[in-house]
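Report on the following structure.
In UniProt numbering, the protein residues as written are 1 to 477.
See the structure below:
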């Protein structure tokens with residue numbers, strides 16, 4: 001995975017050069033380590049927003065938090081929260097965790113922390129998240145990272161409802177270290193060869209349990225302890241937020257897009273060539289806003305975008321930025337398939353005037369088939385198709401399953417599929433964000449794939465999905 005800091009790359013090289021296999025453990029703290037920020041605050045904020053916190057509970061929380069800051073027991077605030085969950089459905093709380101992961105927490109996973117996890121997985125290590133948090137906070141993050149094991153605080157559940165008590169101690173401080181040692185005994189992990197990553201002073205005992213501790217984005221006290229103990233310190237970048245400058249540049253980019261559309265269409269009118277006017281509008285409406293927003297594109301194998309036309313271009317989907325990036329790459333003579341409900345969306349209306357999407361009515365299968373038949377005719381006429389086979393934007397860089405629609409169209413139209421792997425778009429513009437941040441989007445165009453047939457379609461789609469995953473995991477130099 002390129003684009004990492006020198007410190008992160010050095011840490012990964014050390015993992016690759018170190019002991020391999022499942023007897024080596026790799027233990028990651030959650031809050032402040034794998035993710036920037038604190039998942040408990042996200043859960044509590046959602047309860048406040050939903051007015052599920054009583055005035056009495058709110059007052060207890062504030063008093064307990066202040067007491068913790070002044071030297072009291074820092075775990076008491078968590079026990080206040082656990083007590084407030086008494087009688088709540090475990091299933092509903094797990095569903096809440098999944099929803100908050102998709103809407104908020106997924107965007108806080110550090111890219112370089114993900115790279116560290118992947119390095120340990122490639123080395124065959126036994127990877128676990130070790131945290132004082134509960135599985136309802138951890139499990140969605142762990143699943144997204146491909147981590148099977150959790151060492152965490154357990155809550156007591158009876159008849160599908162929380163009792164408000166914990167099953168054993170909260171895994172904070174020395175209790176987290178004890179939990180890791182118990183896990184190591186159970187799974188045959190040699191802690192002397194193992195790795196651990198944490199960010200708070202309370203993690204000193206946890207980090208001391210392994211032979212390769214790392215203070216990752218540490219708080220001041222842990223940074224000082226790491227210096228005394230000779231532990232490495234790794235400072236990783238946080239996911240990019242939306243600054244006022246970036247917001248201003250985003251507004252300018254939107255204005256640039258509209259200007260590009262108007263200028264291109266006006267050119268077509270003046271030359272009495274609507275086709276060339278639309279193509280110019282596409283080029284201007286994608287290049288101008290990206291330049292104004294400070295977004296650059298680094299493309300590998302750009303020539304493959306032009307060797308097979310018309311074609312069906314398929315790409316992974318993380319961000320609203322994906323469409324202008326792909327439009328900037330394809331430049332001319334393409335369209336997209338979009339759901340009918342988006343036809344009058346003001347965010348897409350201007351662009352739809354230029355590329356004339358094929359609007360699909362998902363509620364009417366006969367109408368949808370007729371629309372797709374029209375798409376095939378347009379492809380035969382020289383128009384390429386851009387489509388996201390995942391069907392929807394992913395909350396994280398993890399690739400979703402591919403649907404078959406794009407590949408059936410390739411078989412029906414007799415045209416190749418050109419795979420385009422996008423990276424960084426989700427970092428520059430998060431899934432739910434309206435702000436576009438400056439930066440470089442990495443793009444890799446894979447080999448076009450021809451001769452699609454329904455006979456071996458499932459196998460070929462699976463193989464192509466694997467190529468996307470491999471490219472994202474090990475970005476070509």
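For glycine and all other residues, C-beta sits at the position ideal for the given N, C-alpha and C.
First through last residue of the beta strand (DSSP E) which encompasses residue i
i, result
"residue 80", "It is not in any beta strand (DSSP E) - residue 80 instead sits in the alpha helix (DSSP H) that spans 76-84."
"residue 423", "417-423"
"residue 212", "212-216"
"residue 164", "161-166"
"residue 157", "155-158"
"residue 313", "312-315"
Coarse secondary structure for residue i, derived from DSSP in three states
i, result
"residue 468", "helix"
"residue 87", "coil"
"residue 300", "strand"
"residue 388", "coil"
"residue 449", "strand"
"residue 131", "strand"
"residue 137", "helix"
"residue 10", "helix"
"residue 180", "helix"
"residue 15", "helix"
"residue 66", "The pLDDT assigned to residue 66 is 45, lower than 50, so where the model puts this residue is not dependable; a value taken from the coordinates is nonetheless given after this. If DSSP states are grouped into helix, strand and coil, residue 66 belongs with the helices."
"residue 171", "coil"
"residue 461", "helix"
"residue 35", "strand"
"residue 236", "coil"
Bridge partner(s) assigned by DSSP for residue i
i, result
"residue 339", "360"
"residue 196", "27 and 213"
"residue 282", "Note: residue 282 sits in no beta bridge, so no partner."
"residue 126", "25"
"residue 149", "128"
"residue 442", "298 and 423"
"residue 305", "In the DSSP output, where bridge partners are listed per residue, residue 305 has none listed."
Beta-carbon gap between residue i and residue j smaller than 8 Å
i, j, result
"residue 292", "residue 329", "no"
"residue 437", "residue 320", "no"
"residue 336", "residue 386", "yes"
"residue 378", "residue 391", "no"
"residue 128", "residue 183", "yes"
"residue 15", "residue 123", "yes"
"residue 360", "residue 338", "yes"
"residue 40", "residue 133", "yes"
"residue 398", "residue 424", "no"
"residue 97", "residue 38", "no"
"residue 33", "residue 199", "yes"
"residue 167", "residue 156", "yes"
"residue 288", "residue 250", "no"
"residue 11", "residue 234", "yes"
"residue 46", "residue 100", "yes"
"residue 239", "residue 427", "yes"
"residue 310", "residue 384", "yes"
Residue i versus the options, residue with shortest Cα-Cα distance
i, options, result
"residue 87", "182, 106, 161 and 30", "161"
"residue 479", "130, 416, 261 and 264", "No statement about residue 479 is possible, as the shown extent of the chain runs from 1 to 477 and does not include it."
"residue 204", "232, 136 and 118", "232"
"residue 435", "120, 248, 339 and 111", "248"
"residue 236", "46, 114, 444 and 277", "114"
"residue 107", "440, 217 and 141", "141"
"residue 487", "365, 6 and 407", "This structure cannot settle anything about residue 487, because the visible part of the chain is limited to 1 through 477."
"residue 75", "98, 173 and 229", "173"
"residue 478", "209, 139, 444 and 221", "Absent from the structure is residue 478, since the part of the chain shown begins at 1 and ends at 477."
"residue 30", "153, 83 and 90", "153"
"residue 187", "169, 446 and 148", "148"
"residue 417", "223, 21 and 307", "307"
Where the alpha helix (DSSP H) through residue i begins and ends
i, result
"residue 121", "111-122"
"residue 265", "244-271"
"residue 221", "220-229"
"residue 325", "322-330"
"residue 380", "365-380"
"residue 207", "204-208"
"residue 413", "405-413"
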